[in-house]
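In terms of numbering that gives the first Met the number 0, the sequence shown opens at residue 0 and continues consecutively.
Ideal Cβ positions, reconstructed from N, Cα and C, are used throughout, including at glycine.
Source: prediction; values computed, not measured.
Below: one structure, written as structure tokens.
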Amino acid sequence: MLHDNTQALARYNSLFNNQQYQAIAAQLAIDLRTERDSMRVSDMMNEITNVALSLVGHSHYDDAWMKLATLCGQTGISIVAIDMIYNYLLIYQQPVDMRADDFQMTAKCLLKAYEAADTLRAAVSCANAVHSWRGRMAYDLLSAADYLTQAAIQLLSDGNQSYIREKLQQGIRRITGALHEGIRHSKRPNLFDFSNTHFPTE
């Protein structure tokens, strides 16, 4: 294994592209509103290096791509930066290995999910102020979307599965509440009757 890691380091060094590396660091500094030599930029560049090492076969960084994607989503860096990182990682990615691609799509999904969560919570607050069954139903549906978005974020970030289950349960409760409003108050209650729906058990 030590020999394999030594070979991986040698391959990384032979493929290293300093121009792309420095360009990414500069873009991260812009996105994070900090200096190029700041600790925040340095930490992210270290994570990028860890992913690159994993792509050339280093055994210490198997899940580095997921950690980097999560960090990108949480810090709100730009799509431009994510694409720059992705193109840099392609230098190291081997045929049939899809981890760089998974990084790119996971990071973008998390970024947009975090953005959507903020917008959803504003919509939930507005729907809560509508004085009708439609308002109550919309409130429950938007709340469900918020809970399900939180579950999806945790899932993509390899979060705690008990926490994911809790958010799914809360989302299902809100959906159930919304359907009750539709059945009780709609002129066509049958459209909101999903009593024959079954959830998978295996």
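Should ALA126 and LEU141 be called a contact, given that it needs their Cβ atoms to be closer than 8 Å? Numbered from 1 along the sequence shown, position 127 holds the residue referred to as residue 126. Numbered from 1 along the sequence shown, position 142 holds the residue referred to as residue 141. In this structure, LEU141 lies closer than 8 Å to ALA126 by Cβ.
Which of the three DSSP states is assigned to PRO199 in this structure? Position 200 of the sequence shown, counted from the first residue, corresponds to residue 199. In the structure shown, PRO199 sits in coil (DSSP, three-state: anything other than H, G, I, E or B).
Unbroken stretches of the alpha helix (DSSP H), 4 residues or longer, contained in the segment 72-122: DSSP runs (the alpha helix (DSSP H)) wholly in the segment 72-122: 78-88.
Use the C-beta contact count for LYS166: other C-beta atoms within 10 angstroms, 16 or more gives buried, fewer gives exposed. On the sequence shown, position 167 is the one that residue 166 refers to. With a threshold of 16 other beta carbon atoms within 10 Å, LYS166 meets it and is buried.
Select from GLU201, GLY176, THR200 the residue whose C-alpha is nearest the C-alpha of ASP192. Stepping through the sequence shown from its first residue, residue 192 is reached at position 193. Of GLU201, GLY176, THR200, the residue nearest in Cα terms is GLY176.
For HIS57, which three-state DSSP category applies? For the purposes of this step, residue 57 is taken as residue 58 along the sequence shown, with counting starting at 1. In the structure shown, HIS57 adopts coil according to DSSP, grouped into three states.
Can you tell me which of GLY158, GLY170, SER53, GLN26 puts its alpha carbon nearest to the alpha carbon of ARG10? In the sequence shown, the residue the question calls residue 10 occupies position 11. Ranking GLY158, GLY170, SER53, GLN26 by CA distance to the CA of ARG10 puts SER53 first.
Would THR148 and ALA121 qualify as a contact pair, given that the criterion is a beta-carbon distance under 8 Å? Start at 1 with the first residue of the sequence shown, and residue 148 comes out as number 149. Start at 1 with the first residue of the sequence shown, and residue 121 comes out as number 122. The answer is no: Cβ separation not under 8 Å.
Give me the Cα-Cα distance between ALA150 and GLN73, rounded to the nearest whole angstrom. Sequence index remark: in the sequence shown, residue 150 carries index 151 (1-based). Sequence index remark: in the sequence shown, residue 73 carries index 74 (1-based). It is roughly 15 Å from the alpha-carbon of ALA150 to the alpha-carbon of GLN73.
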